[in-house]
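2 protein chains.
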Amino acid sequence: LLLMEEISKVYRVGQEEVYALRSVSLAIGRNEYVAIMGPSGSGKSTMMNLIGCLDTPSSGRYLLAGRAVQELDEDELAAIRNREIGFVFQTFNLLPRSTAAGNVELPLIYRGLPAAERKRRVAGAIARVGLSDRATHRPNQLSGGQRQRVAIARALVTEPSLILADEPTGNLDTATGEEILRAFAEIHRGGNTVVLVTHEEDVARHAQRIIRLRDGRVESDSAV
Amino acid sequence: LLLMEEISKVYRVGQEEVYALRSVSLAIGRNEYVAIMGPSGSGKSTMMNLIGCLDTPSSGRYLLAGRAVQELDEDELAAIRNREIGFVFQTFNLLPRSTAAGNVELPLIYRGLPAAERKRRVAGAIARVGLSDRATHRPNQLSGGQRQRVAIARALVTEPSLILADEPTGNLDTATGEEILRAFAEIHRGGNTVVLVTHEEDVARHAQRIIRLRDGRVESDSAV
Ligand SMILES: Nc1ncnc2c1ncn2[C@@H]1O[C@H](COP(=O)(O)OP(=O)(O)OP(=O)(O)O)[C@@H](O)[C@H]1O
Ligand SMILES: Nc1ncnc2c1ncn2[C@@H]1O[C@H](COP(=O)(O)OP(=O)(O)OP(=O)(O)O)[C@@H](O)[C@H]1O
Ligand SMILES: [Mg+2]
Ligand SMILES: [Mg+2]
Chain A
4 LLLMEEISKV YRVGQEEVYA LRSVSLAIGR NEYVAIMGPS GSGKSTMMNL
54 IGCLDTPSSG RYLLAGRAVQ ELDEDELAAI RNREIGFVFQ TFNLLPRSTA
104 AGNVELPLIY RGLPAAERKR RVAGAIARVG LSDRATHRPN QLSGGQRQRV
154 AIARALVTEP SLILADEPTG NLDTATGEEI LRAFAEIHRG GNTVVLVTHE
204 EDVARHAQRI IRLRDGRVES DSAV
Chain B
4 LLLMEEISKV YRVGQEEVYA LRSVSLAIGR NEYVAIMGPS GSGKSTMMNL
54 IGCLDTPSSG RYLLAGRAVQ ELDEDELAAI RNREIGFVFQ TFNLLPRSTA
104 AGNVELPLIY RGLPAAERKR RVAGAIARVG LSDRATHRPN QLSGGQRQRV
154 AIARALVTEP SLILADEPTG NLDTATGEEI LRAFAEIHRG GNTVVLVTHE
204 EDVARHAQRI IRLRDGRVES DSAV
């Protein structure tokens, strides 16, 4: 599904260069379930953003579904993001002025689905994360873990072929986290690809393969 | 140090009432190390905000250091918050336009310390969380876990007698999380009080006592 060859990402901060990724090469196939682990600052979120075409590498080649991402124009990139990829961001990225349901509905609006279909799907995704009784509440009226679950519902509602989830259980108690991981396992069983970032070994063991980053490099890549 | 008697917190959302806390009574003594656990939405952050005088209960009595918090005016409350309590918020609450060092320095500015003293303390707190090489970077130039560590440094810099830390290791890898917990243990050994919210049992075991919340009530309260 995706192939990264010698990808580096360098940020310039004043006079300094910060190397988020250093010459990373890896491939992830369709229907894989991959966990990415590593210390704070090791490049996990940067990698997720590159995989999801939310950012561009400083150097290297990235092929997604056989196509070089550099050669895609912005409309094609947006189409891939909207149709194929569900994101759970480490910082949730919810719209503060929308309700939980409004946040979950957003990718369906971008997709142009009719209102009745949107409503049905939103209700299903919200029920899946256990927040049906809070659908009309805004993010600042929800707890940290409840906001995280809204972010997860938003990622699931489009039924994407690739889920990119950055620390999706970081603010969740064990039982709620296990519910979310069951949803991801179901997506995987449905033939889709799941890539998740976590620092919890218990969570990573739900995947089939663990890629470990350190200082912007792949330290190890092994089956679970 | 603090005594809560029959504290409730009710939010009104449109026509609904959401009970964050229901008639909670508890006491936390000086030099205790307490972990608060419970499912998502069970009232943990609400409780932390009330303990830290960042919010007021809907009903009930709260005594902090022998004084009824309701009877304190805003200046007295602000003085308690600034002098006595270090906060690590679940959402970090960093100033996006300030550097890491600037964020850590903020409570010292409020306290009116001289510049040289502020600088010394900031450098110490930032070194303690392993971010000396990133002190001049702003929050959007830092990873999730690095931002969390800045928030932790800001809580430690005033050398408070009470640390309130809401999910302080949620975005941290195990090794970095253990470093932070060592810092909290050192604060506790110094005679201060630590109250932390976590959903990780491994983290909670560093405390002496675990209070478990469920649906806004204290479900259990036991020594570790
Ligand atoms: N400002 C608010 N307005 C309305 N409801 C709120 C508000 N803040 C919190 N709540 C609700 O009160 C309840 C308790 O929230 P709280 O943030 O204390 O939970 P929590 O235990 O910290 O959860 P989490 O583990 O998800 O962070 C939740 O149902 C939450 O949605
Ligand atoms: N916009 C940016 N500008 C400058 N440096 C950045 C930027 N984004 C990330 N970095 C730096 O790149 C490195 C990798 O960041 P990244 O967010 O990928 O780490 P991470 O593995 O996700 O860490 P965490 O576990 O703390 O979330 C870090 O040193 C970080 O500070
Ligand atoms: Mg990250
Ligand atoms: Mg909370």
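Residue numbers (my numbering), protein chains in the order written: chain A, 4 to 227; chain B, 4 to 227. Where is the CB? At the ideal position from N, CA and C, for every residue including glycine.
Simplified DSSP assignment, three categories, for residue i
| i | result |
| --- | --- |
| Arg-15(A) | strand |
| Val-198(A) | strand |
| Asp-169(B) | strand |
| Leu-29(B) | strand |
| Asp-224(B) | strand |
| Gly-63(A) | strand |
| Val-21(B) | strand |
| Val-132(A) | coil |
| Leu-111(A) | helix |
| Phe-187(A) | helix |
| Arg-192(B) | helix |
| Leu-5(B) | strand |
| Leu-216(A) | strand |
| Arg-141(B) | coil |
| Ala-82(A) | helix |
| Val-91(B) | strand |
| Val-160(B) | coil |
| Arg-100(A) | coil |
| Ala-119(A) | helix |
| Ala-210(A) | coil |
| Ala-38(A) | strand |
| Ala-68(A) | coil |
Chain-order list of residues whose beta-carbon lies under 6 Å from that of residue i (same chain, five-residue window excluded)
| i | result |
| --- | --- |
| Ser-61(B) | Ser-11, Lys-12, Val-13 |
| His-191(B) | Tyr-36, Val-197 |
| Arg-215(B) | Met-40, Gly-41, Glu-222, Ser-223 |
| Leu-67(A) | Leu-5 |
| Gly-148(A) | Asn-174, Leu-175 |
| Tyr-113(B) | Asn-85 |
| Gly-194(A) | Asn-34 |
Same chain, Cβ closer than 8 Å to residue i, five either side skipped, listed in chain order
| i | result |
| --- | --- |
| Ile-183(B) | Val-132, Arg-152, Ile-155, Pro-171, Thr-172, Leu-175 |
| Asn-143(A) | Pro-99 |
| Arg-141(B) | Pro-99, Arg-100, Ser-101, Thr-102, Ala-103 |
| Leu-111(A) | Glu-120, Arg-121, Arg-124, Val-125, Val-160, Thr-161 |
| Ala-186(A) | Arg-131, Val-132, Ile-155, Leu-159 |
| Leu-116(B) | Arg-124 |
Cα-Cα separation between residue i and residue j, rounded to whole angstroms
| i | j | result |
| --- | --- | --- |
| Leu-165(A) | Thr-179(A) | 22 Å |
| Leu-108(A) | Val-125(A) | Per the sequence shown, residue 108(A) should be read as Glu rather than Leu. So the alpha carbons of these two residues sit roughly 6 Å apart. |
| Leu-283(B) | Tyr-22(B) | In this structure chain B extends from 4 to 227, so residue 283(B) is not present and cannot be described. |
| Ser-223(A) | Gly-219(B) | 43 Å |
| Glu-9(B) | Leu-24(B) | 9 Å |
| Ala-118(A) | Glu-87(A) | 21 Å |
| Lys-122(B) | Ala-128(B) | 10 Å |
| Glu-77(A) | Arg-84(A) | 10 Å |
| Thr-139(B) | Gln-73(A) | 32 Å |
| Gly-55(A) | Glu-181(B) | 31 Å |
| Asn-96(B) | Phe-90(B) | 10 Å |
| Glu-20(B) | Asn-52(B) | 19 Å |
| Pro-163(A) | Leu-80(B) | 49 Å |
| Val-146(A) | Arg-70(B) | Reading off the sequence shown, one finds Ser at residue 146(A), where the question assumed Val. Each residue's alpha carbon lies about 29 Å from the other. |
| Ala-82(A) | Thr-59(A) | 16 Å |
Local Cβ density within 10 Å of residue i, reported as buried at 16 or more and exposed below that
| i | result |
| --- | --- |
| Pro-99(A) | exposed |
| Asn-106(A) | buried |
| Val-16(A) | exposed |
| Asp-205(A) | exposed |
| Gln-93(A) | buried |
| Arg-137(B) | buried |
| Thr-161(B) | buried |
| Gln-18(A) | exposed |
| Ala-168(A) | buried |
| Arg-150(A) | buried |
| Ser-135(A) | exposed |
| Thr-49(B) | buried |
Close beta carbons around residue i, own chain, < 7 Å, minus the five adjacent residues each side
| i | result |
| --- | --- |
| Met-7(B) | Val-27, Ser-28, Leu-29, Gly-63, Tyr-65 |
| His-209(A) | Leu-184, Ala-188 |
| Ala-207(B) | Ala-38, Met-40, Thr-201, Ile-213 |
| Arg-33(A) | Leu-4, Thr-196 |
| Ala-226(B) | Gln-211, Arg-212 |
| Arg-2(A) | One cannot answer for residue 2(A) here, as it falls past the ends of chain A, which runs 4 to 227. |
Legend entry - Proximal residues, the segment 155 to 173 of chain A versus chain C, C-beta separation under 7 Å: In the structure shown, chain C cannot be found, because the protein chains are A and B.
Inset, instruction - Answer yes if the segment 23 to 32 of chain B comes into contact with the segment 43 to 51 of chain A, meaning at least three C-beta pairs across the two stretches below 8 Å, and no otherwise. - result: Contact between the segment 43 to 51 of chain A and the segment 23 to 32 of chain B is not established, with fewer than three Cβ pairs separated by less than 8 Å.
Inset, instruction - Taking 8 Å as the threshold, find out whether the segment 200 to 207 of chain A comes into contact with the segment 33 to 40 of chain A through three or more Cβ pairs. - result: As far as the Cβ criterion goes, the segment 200 to 207 of chain A touches the segment 33 to 40 of chain A, which means the pair count is three or higher.
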